[in-house]
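Number of protein chains: 2
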Amino acid sequence: MTTPHLAKGYRFAGLHCGIRPDPDRRDLALIVSDVPAAAAGVFTQNRVRAAPVRVCQERLPADDARGVVICSGNANACTGPRGLEDARAMTAVAARAIGCRAEQMLVCSTGVIGRHLPMPQIESGILAAVPLLADTSIAFDDVAHAILTTDTRIKTATREIDLDGVAVRLTGVAKGAAMIGPNLATMLAFVFTDAAVSSDDLAVIARRAADQTFNCISVEGHTSTNDTLLLFANGMASSEGKGSELRTQNSELGTQRFAAAVTEVCAELARSIAADAEGATHLITIEVEGLRDDREAYRVAKTIAESALVKTAIYGADPNWGRIVSAAGYAGVAFEEEQLSLWLGDLLLYHAGVPQLFDAASASAYLKREHHIQLRLRFTLGPGRCTFWTCDLTREYVRLNAEYTT
Amino acid sequence: MTTPHLAKGYRFAGLHCGIRPDPDRRDLALIVSDVPAAAAGVFTQNRVRAAPVRVCQERLPADDARGVVICSGNANACTGPRGLEDARAMTAVAARAIGCRAEQMLVCSTGVIGRHLPMPQIESGILAAVPLLADTSIAFDDVAHAILTTDTRIKTATREIDLDGVAVRLTGVAKGAAMIGPNLATMLAFVFTDAAVSSDDLAVIARRAADQTFNCISVEGHTSTNDTLLLFANGMASSEGKGSELRTQNSELGTQRFAAAVTEVCAELARSIAADAEGATHLITIEVEGLRDDREAYRVAKTIAESALVKTAIYGADPNWGRIVSAAGYAGVAFEEEQLSLWLGDLLLYHAGVPQLFDAASASAYLKREHHIQLRLRFTLGPGRCTFWTCDLTREYVRLNAEYTT
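In order, the protein sequences belong to chains P and C.
5 is the number of the first residue of the first sequence in the working numbering; add one for each residue after it.
5 is the number of the first residue of the second sequence in the working numbering; add one for each residue after it.
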């Protein structure tokens, strides 16, 4: 049974191979495109890059990618030359089993840092995954579970659009910025599409989508060593689709619509990550507008999103506009107080530099009632804008990240 | 009774004027130099500057300062034109009472943001403080208490050095980066010396000292609207000291020694602030060495100091080197893993990019046993170094900052 929204020509498998002790937790995923696909990636900016990130960066963008193998429970980060060998071995084992070159496979890992992968279990797991590969929603669901770490729920997003007369599908899946074991937040996201798009176009589209989505979420501002977004396009939507042979020259309008759909899928996944952050009780959307350019708006939004004082205030249902205004003030963006107004939901708290008389009880009630909180800052300096997502900082976050001991 | 270490020619008073509801909490301080003093300041980099910060910035550096009036419990920040009028009025009332021009007095506030000052209580308080002014350790102690907000203890530091044959004293007092009511961290620090130093030299010395001390502490990275360091030098140490008439041309060596003493006093105050941060159970010293320049070392140290993951790990006594290495990795400083080694106390956890086999139990015991934790990162890229102080992130911090409701 093929789910309508799954992109055509991809098969999925997720299973437990033994990285995690709990036999009920899936920890290995394999995704294969039936034909060679264009592929592009966006990766962590951390100077310390995990071995699988380095391997993907060597291989992308590509015109003949066949898929990706992913393990959770171990990040394969800070593992030296052996870590690189292990990451390459994962792609080689998967490639042999499905019948392609190792260089056509990609690899991701997420989990504990600084430990070598249990390669015998992983290699057996990959071999066991191949016969399970299927284009069903159940198999896709297995993948969505297998990549999770401390996430409390799976994160998927799908779209179907018309691209120059062809109905194309985008299938997205991600895992969140939550800790695994004692270690790092690691965001992984994958978007599979049956559209025909060149790898060069994919690379540009992936970068732009990430800038507006995954680069606009923050849990605690700690950039992981493993962050990865991979985008695959195999062209199987078209009846004449034959992998790399197919026409990838879409119209300008078509490409724009496709890029917008990629961004929408990524935004949905990004919001899911912020909403499911460790210990979070609120998803917070921060809209900043009216700065000189988008970059300035981004800096203000990110600084507010990463302020422990703003995040604890929202956790405590305290409409503490002073913390928000002062966080904007140290974002490194020039403004005068008179050029700033601030809303919490529909309530105007601060107008043109002047504190407003507002009903603190109803503001607090809004924070207690709603899971999804809206903050809006309006400056009067230009057209620059940004939407950013974050979560509150709770005692549960501190407990989760303090009480684990190795 | 004059305490040996109090700088000569300063008188102090601290009392309860009524900003705070609790009559046992002092909330107003007045410090007066008997003669006009050179004065300089270093202020918050926040774009949103409280009214007293603006007033001090207008007046400094100065050659004829007579003192400072400080209130706690209300930050006089985000209070518009009336806030500026109130801050100026505080200096005018104090100046009239001690017999100088308003422009010779400085002013600081710390506490709740966005509320107008209760000026009748403050003005009465200033008038009541004048007859209490004394050069005693008891009066100085009253000041040290009157400037506190949620600090749990007073913060003072003193030095006595020889400056070109004259024994000079430095008397420092500060309040910490802790919240007041629902609102902002605000650091205030004051150093009074009876050395004879020009205001231009003082300004340079204050800036350099702040860069190595108060700019090297972080609780949660939220820059306040009120941060202020004021440095006064009245020349009263010398028998011929007569305020602004005196010789302020010290030898180069003498000036260096004086600047070093100022930095020492500031460093002691800064460490006290980090150690007494809200909810903190550990003071953490981060030493970074071997980067291309001090600025790079500063960026790495500050990024680690502000990582919620590093801070929760130390709270949880978890020797989680992966969080520290990965925080260094996103500091925006170029390095390869092979160029970094990391120690926790005396334990080498990570050497030249390779995780070390270390005794996790004894590392955890060190974190549980010691209040003051040492992290040392050594790079192999140059002479740049930085020492930075921070604290752990605890459930008590979250509770304190979440559970207050206005």
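Each residue gets a CB set at the ideal place from its N, CA and C atoms; glycine is no exception.
*List, in order along the chain, the chain C residues whose C-beta lies closer than 8 Å to that of P/ASN405?*
ALA312, LEU313, THR316, ALA317 and GLY320
*Just the C-alpha distance for C/VAL266 and C/CYS220, rounded to the nearest angstrom, thanks.*
15 Å
*Given 8 Å as the limit, is there contact between the segment 333 to 351 of chain C and the segment 298 to 310 of chain C, that is, 3 or more CB pairs closer than that?*
yes
*For P/ARG86, count neighbouring C-beta atoms within 10 Å of its own C-beta (all shown protein chains included) and say buried if the count is 16 or more, exposed if not.*
exposed
_If the criterion is Cβ atoms closer than 8 Å, does the pair P/ALA331 and P/SER345 meet it?_
no
*asked:* Am I right that C/VAL52 and C/CYS82 are in contact with their C-beta atoms under 8 Å? What's the rounded C-beta distance?
replied: 7 Å
*Through-space distance from P/ASP155 to P/ALA98, alpha-carbon basis*: Distance between the alpha carbons of P/ALA98 and P/ASP155 is about 26 Å.
*At least one CB of chain C closer than 8 Å to the CB of P/PHE218: is that the case?*
no
_Residues from the segment 356 to 370 of chain C in contact with chain P, defined by Cβ distance under 8 Å_ = Flagged, chain order: GLY357, VAL358, PRO359, ALA364 and SER368.
*Determine which residues of the segment 43 to 58 of chain C have a Cβ less than 7 Å from any Cβ of chain P, and write them out in chain order.*
GLN49, ASN50, ARG51 and VAL52
*If you draw a straight line from the alpha carbon of P/ILE290 to that of P/ALA274, how long is it in whole angstroms?*
Cα-Cα distance, rounded: 14 Å.
_So P/TYR302 contacts chain C; which residues on that side make the cut at Cβ distance below 7 Å?_
Per Cβ cutoff of 7 Å: no residues; P/TYR302 is ~16 Å from chain C at best.
*asked:* Could you tell me the alpha carbon to alpha carbon distance between C/ALA213 and C/VAL46, rounded to whole angstroms?
replied: 10 Å
*What is the residue span of the beta strand (DSSP E) that C/THR316 lies within?*
Per DSSP, C/THR316 belongs to no beta strand (DSSP E); it is in the alpha helix (DSSP H), 312 to 319.
*Quick one: residues in its chain with C-beta nearer than 7 Å to the C-beta of C/THR398, no 5 flanking neighbours on either side, listed in chain order?*
GLY283, ALA284, THR285 and TYR319
*Between P/GLU164 and chain C, is there a C-beta pair that is closer than 8 Å?*
no
*Taking Cβ-Cβ distances shorter than 7 Å, what residues in chain C pair up with P/GLU374?*
Residues of chain C whose Cβ lies closer than 7 Å to the Cβ of P/GLU374 do not exist, since the nearest Cβ in that chain is about 16 Å away.
*asked:* Using beta carbons (cut-off 8 Å, strictly below), is C/PHE392 in contact with chain P?
replied: no
*Nearest to C/ASP67 by CA position, among C/HIS149, C/ASP90, C/VAL147 and C/ALA43, is which residue?*
C/ALA43
_For P/PHE339, which residues in the same chain have their Cβ closer than 7 Å to its Cβ, ignoring the five residues on either side in sequence?_
PHE383 and LEU385
_If the cut-off is 7 Å on Cβ atoms, which residues from the segment 333 to 345 of chain C count as contacting chain P, listed in chain order?_
For the segment 333 to 345 of chain C, the set of positions with a beta-carbon nearer than 7 Å to some beta-carbon of chain P reads GLY333, TYR334, ALA338, PHE339 and GLU341 in chain order.
*So is P/SER113 in contact with chain C if we call contact Cβ pairs under 8 Å?*
no
_Tell me which residues share the same chain as P/GLN125 and place their Cβ nearer than 7 Å to its Cβ, disregarding the 5 neighbours each side in the sequence._
CYS21, GLY22 and ILE23
_Check whether chain C comes within 8 Å of P/ALA285, counting only Cβ atoms and requiring the distance to be less than that._
Sequence check: residue 285 of chain P is Thr here, not Ala. No, because no Cβ of chain C sits closer than 8 Å to the Cβ of P/THR285.
_Residues in the segment 120 to 154 of chain C having any Cβ partner in chain P nearer than 7 Å_ = none
*Check the DSSP bridge columns for P/GLU291 and list the partner residues they point to.*
P/ARG380 and P/THR391
*asked:* Quick check: is the beta carbon of C/LEU381 nearer than 8 Å to any beta carbon in chain P?
replied: no
_Cutoff 8 Å; reference C/THR329; Cβ partners in own chain excluding five residues on either side_ = Position check: residue 329 of chain C holds Val in this sequence, whereas Thr was assumed. Correct list, in chain order: GLU341, LEU344, LEU346 and TYR354.
*Between C/ARG63 and C/GLU107, which are expected to be in contact by the criterion C-beta below 8 Å, what is the C-beta distance as a whole number of angstroms?*
Taking 8 Å as the upper bound for CB-CB distance, C/ARG63 and C/GLU107 are in contact here, some 6 Å apart.
*Given a threshold of 16 other Cβ atoms within 10 Å of its Cβ, counted over all protein chains shown, does C/HIS376 qualify as buried or as exposed?*
The C-beta of C/HIS376 has fewer than 16 other C-beta atoms within 10 Å across all chains shown, which makes the residue exposed.
_Using CA atoms only, rank isn't needed, just tell me which of P/LEU404, P/LEU257, P/GLN49 and P/GLN378 is closest to C/LYS315._
P/LEU404
*Does the beta carbon of P/CYS82 come closer than 8 Å to any beta carbon on chain C?*
It does: the Cβ of P/CYS82 has a partner Cβ on chain C nearer than 8 Å.
*Output, in chain order, the set of chain C residues within a Cβ distance shorter than 8 Å of P/SER228.*
SER330
_From the DSSP secondary-structure annotation, give me the bridge partner or partners of C/CYS112._
C/ILE74
*CA-CA distance, P/GLN253 and P/ASP31?*
38 Å
*Taking Cβ to Cβ, would you say P/GLY180 is nearer than 8 Å to P/ILE117?*
No, the Cβ-Cβ distance between P/GLY180 and P/ILE117 is not below 8 Å.
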